[in-house]
Structures are given as C-alpha cells and as structure tokens.
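Notes follow once the structure below has been shown.
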Amino acid sequence: EDQVTQSPEALRLQEGESSSLNCSYTVSGLRGLFWYRQDPGKGPEFLFTLYSAGEEKEKERLKATLTKKESFLHITAPKPEDSATYLCAVQIVPSGSARQLTFGSGTQLTVLP
Amino acid sequence: SAVISQKPSRDICQRGTSLTIQCQVDSQVTMMFWYRQQPGQSLTLIATANQGSEATYESGFVIDKFPISRPNLTFSTLTVSNMSPEDSSIYLCSVKKGGAGGRDVDPRFFGPGTRLTVL
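These protein sequences, in sequence, are chains A and B.
Under our numbering, think of the first position of the first sequence as 7, with each following residue one higher.
Under our numbering, think of the first position of the second sequence as 111, with each following residue one higher.
What follows is the structure, encoded as structure tokens:
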C-alpha cells in the first residue's frame, strides 16, 4: 500500500535555529512530490514541486530536496512567521487515473521568538 | 496560481440537515476537486468534479451523501447531506490548472476551506 510518512509530528524551534522536516514515501512510480504550508483555519498553500531524485527547490528560508525514498524540507534561520503545519503529498502512476494525491499527516512547526 | 473562494467559511448545522458549499475560481481550470480534512488529520480526496458530467468519487464516498455539481469551468458545489457529527470537518476545494493531458503533475491549489460543525 502506498504510504507517505512525515516526521516529526511536531517541532519547536528557537528563532534562528535551523532544522529539517522529513517526508518518506513508499510508492511505486512517483510522478511528483509536493510541499504545502497550512496555517490554522486556512487551506494549504503550495510551496514546491519536486519531480525526480536529486532535484532541489528553494524559496526564501525554505529548501526542498528529493531522494528516491524521501524528501526533506530544510528551514534555515526560521522566524516566528514560519510557524505552520507543513504537508507533503505524492502523486504516483497508478494503473487507473493519475489524479490522486496522497498526503502525509503533516509536521506542526512552532518557531519561538 | 489561482484565487479560490469558498462559501460559507464556516457553519454550525443540526444533525439530519444538509449544507451546500460553493467554490469559485478566478479563472477557468481543467480539474476541480473536493477534499475533507478531519480534526487533526490530513487531507482525504472526496471526489473530482467533472464539468458537464457526474463527479468521480473516491472509495468510501458516495453521490447520495456528497452530491457535487460543476456547471462551468470556474464553479462547483459540494453538498453534505443528512449530516451527522462525524461529518464535522474542514471541506476544501482544490483546482489544477493547465491541460488535462501531459502536465498531470501540475500542483493543486486550495481554497480557504469551509469549517463545518454538526451538532
């Protein structure tokens, strides 16, 4: 069964303390991996798409990387406004339609001032 | 990206009633989806809203419980019928822009969600 696992479930950092969030997946035929940010009471906000192992994407303090089994979201010198739940999702090549995304359960990040 | 609005943003409903949620997009999109996010959990796809034809439902979701309409390429509705407390969730509209063919891995964009509480 295809699975997406995010760790840790929750992470508390001091402002400026860099860290990484993990998204591991056991799927066959990965077509794309997505990272989203979700603030409380809001819909997920798209951050990155990664298509193949070795690919990296950056946006401000965030950098996403992808290997054949997992993705990391690196947060460099975080600020309190980076506090949110970070979700990853994978899209695979199933025998039927390729429209389905499988979401992880998310990492709740809190950055303390 | 796409600007997506949902109405209502939240509602409190009585058991046995129905609620219709509206999703409006600022531009034409090829695919629209409806997700559910139960408290403390991640997103689960309910169905794909197809323009001009019946929605395609995922396992565990049926049309009688979650009827969906999509009259054009910018608008869709999801109705939660005969509600019970177990239907309390955030319901999210999502869209994928771009062609229906090759770029199937284009990212999904999400609306702000509708927070539903059923008493």
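Glycine is no exception: its CB is placed at the ideal position from the N, C-alpha and C atoms.
Predicted, not measured: the structure shown is a model, and the values here were computed from it.
- Following the DSSP letters along the chain, one finds residue 159 of chain B inside the beta strand (DSSP E) bounded by residues 153 to 159.
- Inter-segment contact for the stretch 114 to 133 of chain B and the stretch 218 to 227 of chain B is present: three or more beta-carbon pairs are separated by less than 8 Å.
- Scanning its chain for C-beta atoms nearer than 7 Å, with the 5 sequence neighbours on each side dropped, one finds around residue 228 of chain B the residues 123, 125, 193, 194, 195, 197, 198, in chain order.
- Counting of Cβ neighbours within 10 angstroms places residue 38 of chain A among the buried residues, the total reaching 16 or more.
- Assignment of beta-bridge partners to residue 117 of chain B by DSSP yields B:132.
- Spanning the alpha carbons of residue 112 of chain B and residue 22 of chain A requires a straight line of approximately 32 Å.
- Of all residues in the stretch 128 to 141 of chain B, the ones placed with a Cβ closer than 9 Å to any Cβ belonging to chain A are 141, in chain order.
- Contact between residue 152 of chain B and residue 112 of chain A holds, with the beta-carbon distance rounding to 6 Å and staying under 8 Å.
- If you draw a 10 Å sphere on the C-beta of residue 60 of chain A, you find fewer than 16 other C-beta atoms in it, and that means exposed.
- Comparing alpha carbon positions, the residue from B:182, B:187, B:147 closest to residue 173 of chain B is B:187.
- Within chain B, the residues whose beta carbon sits less than 7 Å from that of residue 50 of chain A are 220, listed in sequence order.
- A straight line joining the alpha-carbon of residue 36 of chain A with that of residue 191 of chain B spans about 35 Å.
- With fewer than three CB-CB distances shorter than 8 Å, the stretch 137 to 144 of chain B does not count as touching the stretch 44 to 61 of chain A.
- Contact of residue 55 of chain A with chain B is assigned, a C-beta pair being separated by under 7 Å.
- An exposed status is given to residue 32 of chain A, since fewer than 16 other beta-carbon atoms sit within 10 Å of its beta-carbon.
- Distance from the CA of residue 92 of chain A to the CA of residue 177 of chain B, rounded to the nearest whole angstrom, comes to 30 Å.
- Taken in chain order, the members of the stretch 80 to 98 of chain A whose beta-carbon sits within less than 7 Å of a beta-carbon on chain B are 93, 97.
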